[in-house]
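Protein chains: 2
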Amino acid sequence: MPDFDACAALFKALAHPVRLQILSLLRAGEVCVCHMEAALGRRQAYISQQLMILREAGLIDSRKEGRQVFYWITEERTLRLLDDLFGPAPVENPALEACPCPRCAAANPSTLRLSEEEEPYAHH
Amino acid sequence: MPDFDACAALFKALAHPVRLQILSLLRAGEVCVCHMEAALGRRQAYISQQLMILREAGLIDSRKEGRQVFYWITEERTLRLLDDLFGPAPVENPALEACPCPRCAAANPSTLRLSEEEEPYAHH
DNA sequence: TACACCTATTCAATATTCTGAATGTAAATC
DNA sequence: GATTTACATTCAGAATATTGAATAGGTGTA
Chain W
1033 MPDFDACAAL FKALAHPVRL QILSLLRAGE VCVCHMEAAL GRRQAYISQQ LMILREAGLI
1093 DSRKEGRQVF YWITEERTLR LLDDLFGPAP VENPALEACP CPRCAAANPS TLRLSEEEEP
1153 YAHH
Chain Y
1033 MPDFDACAAL FKALAHPVRL QILSLLRAGE VCVCHMEAAL GRRQAYISQQ LMILREAGLI
1093 DSRKEGRQVF YWITEERTLR LLDDLFGPAP VENPALEACP CPRCAAANPS TLRLSEEEEP
1153 YAHH
């Protein structure tokens, strides 16, 4: 006899558009919160709330690196389910202009120059 | 871009233990409401409420035959999802003593005799 | 140490879901 | 036509989920 309560709890965690968007982002591999914030255009606290629900359902896990927190999908079967739902997974997440994390900064040299080199000439 | 709202709505319909039980019953083929009532041990009105939610989500469809209503799973992909969740599907639903529908009655001759033939000897 | 940055948590107001009870409806039977 | 049978719908109170606002916590940096 299957555990209908446990299954229902899993589906409950999945039954939310923003949580599905987050999982969709995580299909390409681990992602930090600030990246999700930039990609989804939602406030950070809101995303953290949804991440907590996904974490408590056992769908994702997290890892701290400096002051960032990276999340990833825990189980292979979740990835397969998302493939069924959304089609084949993207190999890589795009770098986002609005995302301040090191990965995105490295891929966005224009943004890097403004913060790490000299001011624009107009200011002189 | 996937339709996250539509997917979330689907999961919402699945996110309930009794609704999952109903779908699990329907894996073996179409089933009438009184059969579900006997199999799940729930009141009829309650089951009808859950059936309505599954119907509105497009997961099941129904057919009237006399005063009974038979339900079945609409899409093949739903059956595959249930297989993933619960393992391979049973080929047939068992006949239930408590179910008055013709199919179960035919498979339960003892029950049949009581209602269609003479009273037990003890009553004479 | 003080500060800025990135993330997590708590709180409260609102919205939605759940579930029992009562009632409605349509088909078959008497 | 009245009754029974099988199922559907409506209603209301309780429980739960949603989401914005405020704030707390930990980590790197000046």
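For the protein sequence lines, the chains are W and Y, in the order given.
Residue numbers for the first sequence follow the working numbering, so the first one is 1033 and each next one is one higher.
Residue numbers for the second sequence follow the working numbering, so the first one is 1033 and each next one is one higher.
Every residue, glycine too, gets a C-beta built ideally from N, C-alpha and C.
The residue among Y:L1113, Y:E1108, Y:L1117, Y:F1102 with its C-alpha nearest the C-alpha of Y:C1064 is Y:F1102.
Per the C-alpha coordinates, the member of W:D1115, W:D1093, W:R1099, W:G1098 positioned closest to W:T1106 is W:D1093. DSSP, read as helix, strand or coil, puts W:D1115 in helix. Three or more Cβ pairs closer than 8 Å define a contact, and the region 1066 to 1086 of chain Y meets that threshold against the region 1039 to 1057 of chain Y.
In this structure W:Q1082 is buried. Its beta-carbon is surrounded by 16 or more other beta-carbon atoms within 10 angstroms. Residue contact with chain Y for W:L1052: present (Cβ-Cβ distance below 8 Å to some residue of chain Y). For W:F1118, the chain Y residues whose C-beta falls within less than 7 Å of its own C-beta are P1034, listed in chain order.
Taking the C-beta atoms as reference points, W:C1133 is found no nearer than 8 Å to Y:L1117. DSSP places Y:V1123 in the coil class of the three-state scheme, outside both helix and strand. The beta carbon of W:A1040 falls within 8 Å of a beta carbon belonging to chain Y, placing the residue at that interface. Leaving aside the five residues that flank Y:I1085 on each side, the residues in its chain whose CB is nearer than 7 Å to its CB run, in chain order, A1045, R1051. By the criterion of a C-beta distance shorter than 6 Å, W:V1123 is surrounded by no residue of its chain, once the five residues flanking it on both sides are discounted. Membership of Y:E1088 in the alpha helix (DSSP H) is indicated by the continuous run 1076 to 1088. Out of W:L1042, W:D1035, W:F1036, the CA that lies nearest to the CA of W:E1088 is found in W:L1042. Residues of chain W with a Cβ closer than 7 Å to the Cβ of Y:L1046 are, in chain order, F1043.
When secondary structure is reduced to three states using DSSP, Y:R1095 falls in the strand class. Y:L1111 and W:A1071 have their alpha carbons spaced roughly 34 Å apart.
Look at Y:D1037: its C-beta is under 8 Å from a C-beta on chain W. If you look at Y:E1069, you'll find it in the alpha helix (DSSP H) that goes 1065 to 1072.
L1117, F1118: these are the residues of the region 1091 to 1125 of chain Y whose beta carbon lies less than 7 Å from some beta carbon of chain W, given in chain order. Think of a sphere of 8 Å around the beta carbon of W:S1056: the chain Y residues whose beta carbon falls inside it are P1034, F1036, in chain order.
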